[in-house]
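**Q** Numbered per our numbering, the sequence shown spans residues 202 to 391.
C-beta atoms are modelled at their ideal positions from N, C-alpha and C, and glycine is treated no differently.
This structure is a prediction, so every number in the text was calculated from the model and none was measured.
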Amino acid sequence: MKTTILMLALTIISIVSCQNKPHIINKKSEMTEKNPAPNSPDNPYYSRADTTELDLPDSVWKKVLSDSIYQVARGKATEEAFTGKYWDYTGTGTYYCAACGNGLFRSDSKFASSCGWPSFFETLRKNSVKYRPDLSYGMNRTEVICGRCGAHLGHLFDDGPPPTGKRYCMNSIVLDFEPDESNESSHRNH
Ligand code: FE
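#1: Under 8 Å between the Cβ atoms of SER308 and GLU323?
#2: Where does TYR271 land, buried or exposed, given buried means 16+ other C-beta within 10 angstroms?
#3: Taking just the CA atoms, how far does GLY292 sit from MET340?
#4: Pull every residue with its beta-carbon under 6 Å away from any heavy atom of the ligand FE, and keep them in chain order.
#5: Measuring straight from C-alpha to C-alpha, what distance separates ALA313 and ARG368?
#6: Quick check: the Cα distance between LEU354 and ILE346, rounded to an integer number of angstroms?
#7: Over the uninterrupted alpha helix (DSSP H) stretch that includes TYR271, give me the two end residues.
#8: Name the one or two DSSP bridge partners that ASP377 has.
#9: Taking a contact to mean a Cβ-Cβ separation below 8 Å, would you say LEU255 touches CYS301 in this structure?
#10: Ends of the beta strand (DSSP E) at ASP335?
#11: Can you tell me whether PHE378 is buried or exposed, with buried defined as 16 or more other CB within 10 angstroms of its CB?
#12: CB-CB under 7 Å to LYS277, same chain, minus the five flanking residues each way: which ones, in chain order?
#13: Report buried or exposed for PRO258, applying the criterion of at least 16 other Cβ atoms within 10 angstroms of its Cβ.
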């Protein structure tokens with residue numbers, strides 16, 4: 202009898218401990234559901250709250266990103282000048298990485314640039330982005346990648362305005378903009 206009761210108790214403990222695992226997954230899902238990826242809604246790695254660095258192979262990103270975001274974020278493609286949705290956008294708010302939700306820039310660091318891509322003179326946080334030398338196409342440039350997921354975002358140049366003199370030249374497709382006011386309408390330079 203005692204053995205039967207002991208076995209029953211162990212079975213109940215086993216079931217309860219197994220249920221802990223799905224609970225953790227559910228918590229993570231709840232977190233990402235609050236801020237689903239606007240352009241890739243099936244991306245489980247997108248979060249504006251979780252700053253944990255992601256080290257995922259391109260094969261994973263290929264599955265969760267839209268083709269157009271993947272081509273820039275992982276394939277380092279560059280969108281055509283004057284075609285992106287944010288190159289002349291002047292709304293007030295925050296720009297996030299479209300691949301992972303990491304905070305990248307505030308709108309008050311954005312400036313009107315004639316280059317045809319959204320341009321900023323400083324990042325939201327010091328570790329919002331990382332830098333890599335880029336010697337491709339016979340040029341000596343500094344590549345800017347997301348500090349959380351490593352997505353290619355664009356390049357950094359030294360011809361920006363004060364106070365930094367820097368120009369973060371970004372691809373619109375890898376940026377998600379969140380306005381400060383939810384009812385804010387579009388703002389265009391022209
Ligand atoms: Fe990212």
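**A** On the basis of the data shown:
#1: Position 107 of the sequence shown, counted from the first residue, corresponds to residue 308. Position 122 of the sequence shown, counted from the first residue, corresponds to residue 323. Contact: no.
#2: Looking up residue 271 in the sequence shown gives position 70. Buried is the call here.
#3: Locating residue 340 in the sequence shown gives position 139, counting from the first residue. Locating residue 292 in the sequence shown gives position 91, counting from the first residue. Taking the straight line joining both Cα atoms gives about 33 Å.
#4: CYS298, ALA300, CYS301, ASN303, CYS347, ARG349, CYS350 and ALA352
#5: In the sequence shown, counting from the first residue as 1, residue 313 sits at position 112. In the sequence shown, counting from the first residue as 1, residue 368 sits at position 167. Their Cα atoms are separated by approximately 11 Å.
#6: Taking the first residue of the sequence shown as 1, we reach residue 354 at position 153. Taking the first residue of the sequence shown as 1, we reach residue 346 at position 145. Taking the straight line from one Cα to the other gives about 5 Å.
#7: Translated into positions along the sequence shown, residue 271 becomes position 70. Segment 268-274, the alpha helix (DSSP H) holding TYR271.
#8: Taking the first residue of the sequence shown as position 1, residue 377 is located at position 176. Paired residue(s): TYR297.
#9: Residue mapping note: residue 255 aligns to position 54 of the sequence shown, counting from 1. Residue mapping note: residue 301 aligns to position 100 of the sequence shown, counting from 1. In this structure, CYS301 lies closer than 8 Å to LEU255 by Cβ.
#10: Looking up residue 335 in the sequence shown gives position 134. Looking at the DSSP string, the run of the beta strand (DSSP E) that includes ASP335 is 330-335.
#11: Locating residue 378 in the sequence shown gives position 177, where the first residue counts as 1. Buried, by the Cβ-count rule.
#12: Here residue 277 is taken as the residue at index 76 of the sequence shown, counted from 1. Taken in chain order, the residues that qualify are HIS353.
#13: Start at 1 with the first residue of the sequence shown, and residue 258 comes out as number 57. Exposed: under 16 other Cβ atoms inside 10 Å.
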